[in-house]
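Trainee: Mind having a look at this structure? Questions to follow.
Dropping the structure here:
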């Protein structure tokens, strides 16, 4: 493996939500194989700015794989070719010298393209606001030790809570469904005793909000699970469906 590589980048460029877009071709050379994918885009943008050209707009924040801000489709794969890896943690050593890399934004009716690779994921925020929280009084931090939670329950809840809300599941789903995202929230809270008092209202409100925001229906394709950078299991979708059905009988 060489220490540096050169790539041909085909990047989606779009001025705004109301304008058309196209793939723009860029050549990048002398990219360190130790650089992350976002660092490679930084290098490209620095060169574009020095040349008096417009840089590529893309989302990023922590660059540690935990905030869920970054995200793009790389050669047809949400977050790129590596399993359970966010775009910011994808490194250039996983590409070969001379590769052609196509970079596009999340594609979903619910995600409007703001500019280039930046999309509006406010629809996911709306689902959280609809019920992805606990509002009952659970006491202070010391009171948590008085609430009995089994190890199995705690682990199931933590598995669901790993979701970082990046939206890769929506982008990968052929139907543009947000079921994995929503089910992770529902499963996380309904598994814990603190979340049970509002369980019925929560699942009904969040499922209704999914439809209102324009997300599609789950087709059991499992593309969401494959694209999730945190490995969230589709078993949580089954949990959401059970909680939704239970809400009609209480």
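Numbering (my numbering), first residue to last: 518 to 767. Ideal Cβ placement from N, Cα and C applies to all residues, glycine included. Note that the structure is predicted; figures quoted are calculated from it, not measured.
Please indicate yes or no: does the CB of residue 520 lie closer than 7 Å to some heavy atom of the ligand MG?
Mentor: The ligand MG is not part of the structure shown, which contains no ligands of any sort.
Trainee: Please report the residue range of the beta strand (DSSP E) in which residue 645 lies.
Mentor: As a working mapping, residue 645 is identified with position 128 in the chain shown. Per DSSP, residue 645 belongs to no beta strand (DSSP E); it is in the alpha helix (DSSP H), 639-648.
Trainee: Work out the CA separation of residue 620 and residue 643 for me, nearest whole Å.
Mentor: Locating residue 643 in the chain shown gives position 126, counting from the first residue. Locating residue 620 in the chain shown gives position 103, counting from the first residue. Cα to Cα, the separation comes out at about 27 Å.
Trainee: Could you tell me whether the segment 736-754 touches the segment 674-691, where touching means 3 or more Cβ pairs closer than 8 Å?
Mentor: yes
Trainee: Which of the three DSSP states is assigned to residue 541 in this structure?
Mentor: Here residue 541 refers to the residue found at position 24 when the chain shown is read from its first residue. The answer is strand: DSSP assigns residue 541 an E or B state.
Trainee: Bridge partners of residue 522, per DSSP?
Mentor: Here the question's residue 522 lines up with position 5 in the chain shown. According to DSSP, which records beta bridges pairwise, residue 522 is partnered with 548.
Trainee: Please state if the CB of residue 703 and the CB of residue 717 are separated by a distance shorter than 8 Å.
Mentor: Taking the first residue of the chain shown as 1, we reach residue 717 at position 200. Taking the first residue of the chain shown as 1, we reach residue 703 at position 186. No, the pair does not count as a contact, with Cβ atoms beyond the cut-off.
Trainee: Contact between the segment 732-746 and the segment 684-697: three or more CB pairs below 8 Å?
Mentor: yes
Trainee: Excluding the 5 residues preceding and the 5 following residue 537 in the sequence, name in chain order all residues of the same chain whose CB lies nearer than 8 Å to its CB.
Mentor: Translated into positions along the chain shown, residue 537 becomes position 20. These residues qualify, in order along the chain: 531.
Trainee: Quick one: what's got a C-beta closer than 8 Å to residue 710's C-beta in the same chain, skipping five residues either side?
Mentor: Counted from its first residue, the chain shown places residue 710 at position 193. Cβ neighbours of residue 710 beyond the five flanking positions: 664, 665, 666.
Trainee: Once DSSP output is grouped into helix, strand and coil, what is the label at residue 713?
Mentor: Walking along the chain shown from the start, residue 713 turns up at place 196. Reduced to three states, the DSSP call for residue 713 is coil.
Trainee: If you count every other CB in all the chains shown that lies within 10 Å of the CB of residue 755, and 16 or more means buried, which is it?
Mentor: In the chain shown, residue 755 corresponds to position 238, counting from 1. Residue 755 is exposed by the Cβ-count criterion.
Trainee: Quick one: what's got a C-beta closer than 7 Å to residue 602's C-beta in the same chain, skipping five residues either side?
Mentor: For the purposes of this step, residue 602 is taken as residue 85 along the chain shown, with counting starting at 1. Leaving aside the five residues that flank residue 602 on each side, the residues in its chain whose CB is nearer than 7 Å to its CB run, in chain order, 596, 746.
Trainee: Return the Cβ separation of residue 548 and residue 521 in integer angstroms, given the expectation that the two are a contact with Cβ distance under 8 Å.
Mentor: For this step, residue 548 is matched to residue 31 along the chain shown. For this step, residue 521 is matched to residue 4 along the chain shown. With a Cβ gap of about 6 Å, residue 548 and residue 521 count as contacting.
Trainee: Could you check the C-alpha separation between residue 610 and residue 577 for me, to the nearest Å?
Mentor: As a working mapping, residue 610 is identified with position 93 in the chain shown. As a working mapping, residue 577 is identified with position 60 in the chain shown. Roughly 20 Å between the two C-alpha positions.
Trainee: Need the endpoints of the beta strand (DSSP E) that residue 621 sits in, please.
Mentor: Reading the chain shown from its first residue, position 104 is the one you call residue 621. Unbroken beta strand (DSSP E) run through residue 621: 617-621.
Trainee: Is the CB-CB distance between residue 688 and residue 617 below 8 Å?
Mentor: Mapped onto the chain shown, residue 688 falls at position 171. Mapped onto the chain shown, residue 617 falls at position 100. No, they are not a contact pair.
Trainee: Measure the CB-CB distance between residue 761 and residue 627 and report whether it falls below 8 Å.
Mentor: Within the chain shown, residue 761 is the residue found at index 244, counting from 1. Within the chain shown, residue 627 is the residue found at index 110, counting from 1. Cβ distance not < 8 Å, so residue 761 and residue 627 don't count as in contact.
Trainee: Where do the ends of the beta strand (DSSP E) carrying residue 630 lie?
Mentor: For this step, residue 630 is matched to residue 113 along the chain shown. Element bounds for residue 630: 629-632.
Trainee: Select from 640, 672, 656 the residue whose C-alpha is nearest the C-alpha of residue 726.
Mentor: As a working mapping, residue 726 is identified with position 209 in the chain shown. Residue 726 has its Cα closest to that of 640, out of 640, 672, 656.
Trainee: Quick check: what's the CA-CA separation for residue 605 versus residue 527?
Mentor: Residue numbering aside, residue 605 sits at position 88 when the chain shown is read from its first letter. Residue numbering aside, residue 527 sits at position 10 when the chain shown is read from its first letter. Between residue 605 and residue 527, the C-alpha separation is close to 18 Å.
Trainee: Taking the C-alpha atoms as reference points, what is the distance between residue 557 and residue 543?
Mentor: Within the chain shown, the letter at position 40 stands for residue 557. Within the chain shown, the letter at position 26 stands for residue 543. Using only the alpha carbons, I get a separation of about 12 Å.
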